[in-house]
Amino acid sequence: STDPRHSFPIRYLALSETVAMRIAVITAAGQGTRVGHLLPKQFIKVGGSTVAEYSIKKFLEIGYDRVIVALPAKGFATYRDMLTDDPRVDYIPGGLTANESRYIGVSHAAGYIRGENAFAVVAVHDGVRPLFSPVIAIKCTRMCENDTNRAAVVPYIETVETIRRPDGLYIRPVYEREVLWRLQTPMVFDLSRLNEAYERVVRNGTFEDYLTASDVYEAMYHDTRFVESTARNFKITTADDLSMALTLLTN
18 STDPRHSFPI
28 RYLALSETVA
38 MRIAVITAAG
48 QGTRVGHLLP
58 KQFIKVGGST
68 VAEYSIKKFL
78 EIGYDRVIVA
88 LPAKGFATYR
98 DMLTDDPRVD
108 YIPGGLTANE
118 SRYIGVSHAA
128 GYIRGENAFA
138 VVAVHDGVRP
148 LFSPVIAIKC
158 TRMCENDTNR
168 AAVVPYIETV
178 ETIRRPDGLY
188 IRPVYEREVL
198 WRLQTPMVFD
208 LSRLNEAYER
218 VVRNGTFEDY
228 LTASDVYEAM
238 YHDTRFVEST
248 ARNFKITTAD
258 DLSMALTLLT
268 N
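Residues in the sequence shown are numbered consecutively from 18, following my numbering.
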């Protein structure tokens, strides 16, 4: 069955006695120049909402307590005014790179947790993936919350392309596609663990060596679980991606 207020089956995250809080961190601070639009792609309106708002609303609808959105520092107030004014959403200035924005967002999220033993989960998500499945997000969240080790949970899809690289005059295979996964978001973590991992790589001066939140997490912990996702959860990068998202979000 479906609720007319929602575009997906009713499957919410239940209240939990063991989880203090569920927080989503959405990175939306990039410039998105490859789309060729005057606005960064996350602020383009598609079907009545901006691209970023689709993700914000999904997290709130499935039961997350708070959503933190990292916006471009330059023009921050203008971009903030383009998005929902729901009181459960915090807007903060992001960094120069996506991973810097994640670090800033995770640090902000950690400020909500009181007590050393409080267990909270954080879903780290790319604001230009508006088509992620709420059901898969719920599954990732539940797996993290119920795992004995509170392992990180990362969605993925299999790679269908053959990956190669230029090498002089020849093209040599690098990897067979069967051994490669394409990671997606939202990635779900124990908030205190991910925050500690970020703080550690910053202290060590190795922050720039890592591209994603899962990279940072695995520099300190080695218990990551994976959930198969769908190709529908693609990242809007080009004008063709934006056109495809427009079609899917308005139908």
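Cβ coordinates follow ideal geometry from the N, Cα and C atoms, glycine included.
Distance check for F224 and E216, CA to CA, integer angstroms please. On the sequence shown, position 199 is the one that residue 216 refers to. On the sequence shown, position 207 is the one that residue 224 refers to. Spanning the two alpha carbons is a distance of roughly 9 angstroms.
Contact set for L200: own chain, Cβ-Cβ below 8 angstroms, skip 5 residues either direction: Position 183 of the sequence shown holds residue 200. Only V171, P172, Y173, T229, S231 meet the Cβ criterion.
May I ask you to verify whether the stretch 62-81 touches the stretch 119-128, counting CB pairs closer than 8 angstroms and requiring at least 3? no
Segments assigned beta strand (DSSP E), at least 3 residues, entirely inside the stretch 77-114: 83-88, 106-110
Give me the Cβ distance between A214 and Y238, rounded to the nearest whole Å; I'm assuming they're in contact under 8 angstroms. Walking along the sequence shown from the start, residue 214 turns up at place 197. Walking along the sequence shown from the start, residue 238 turns up at place 221. Their Cβ separation, rounded to whole angstroms, is 7 angstroms, which keeps A214 and Y238 in contact under 8 angstroms.
Would you call T264 buried or exposed, if buried means 16 or more other Cβ atoms sit within 10 Å of its Cβ? Walking along the sequence shown from the start, residue 264 turns up at place 247. Exposed is the call here.
By a C-beta neighbour count over all protein chains shown, 10 Å radius and 16 as the cutoff for buried, is L55 buried or exposed? Translated into positions along the sequence shown, residue 55 becomes position 38. That one is exposed.
Exposed or buried, which one is E162 when buried takes at least 16 other CB atoms within 10 Å? Translated into the one-based positions of the sequence shown, residue 162 becomes position 145. When all chains shown are included, E162 counts as buried.
Excluding the 5 residues preceding and the 5 following I85 in the sequence, name in chain order all residues of the same chain whose CB lies nearer than 6 angstroms to its CB. Counting from one through the sequence shown, the residue named residue 85 turns up at place 68. Counting only Cβ-Cβ distances below 6 angstroms, and skipping sequence neighbours, we find V42, D107, G122, H125, A126.
Using the three-state DSSP reduction, which class does F224 fall into: helix, strand or coil? To locate residue 224, count along the sequence shown from 1; it is residue 207. If DSSP states are grouped into helix, strand and coil, F224 belongs with the helices.
What does the alpha-carbon distance come out to for the pair H142 and T35? Sequence index remark: in the sequence shown, residue 142 carries index 125 (1-based). Sequence index remark: in the sequence shown, residue 35 carries index 18 (1-based). Distance between the alpha carbons of H142 and T35: 23 angstroms.
Enumerate in chain order the residues of its own chain whose CB-to-CB distance from T267 is below 6 angstroms, with the five nearest sequence positions on each side excluded. For this step, residue 267 is matched to residue 250 along the sequence shown. Cβ within range, chain order: G64.
So, is S24 buried or exposed, given that buried needs 16 or more other C-beta atoms within 10 angstroms? Mapped onto the sequence shown, residue 24 falls at position 7. Its pLDDT being 45, under 50, S24 is placed unreliably in this model, and the value from its coordinates should be taken loosely. The residue is exposed, with fewer than 16 neighbouring Cβ atoms inside 10 Å.
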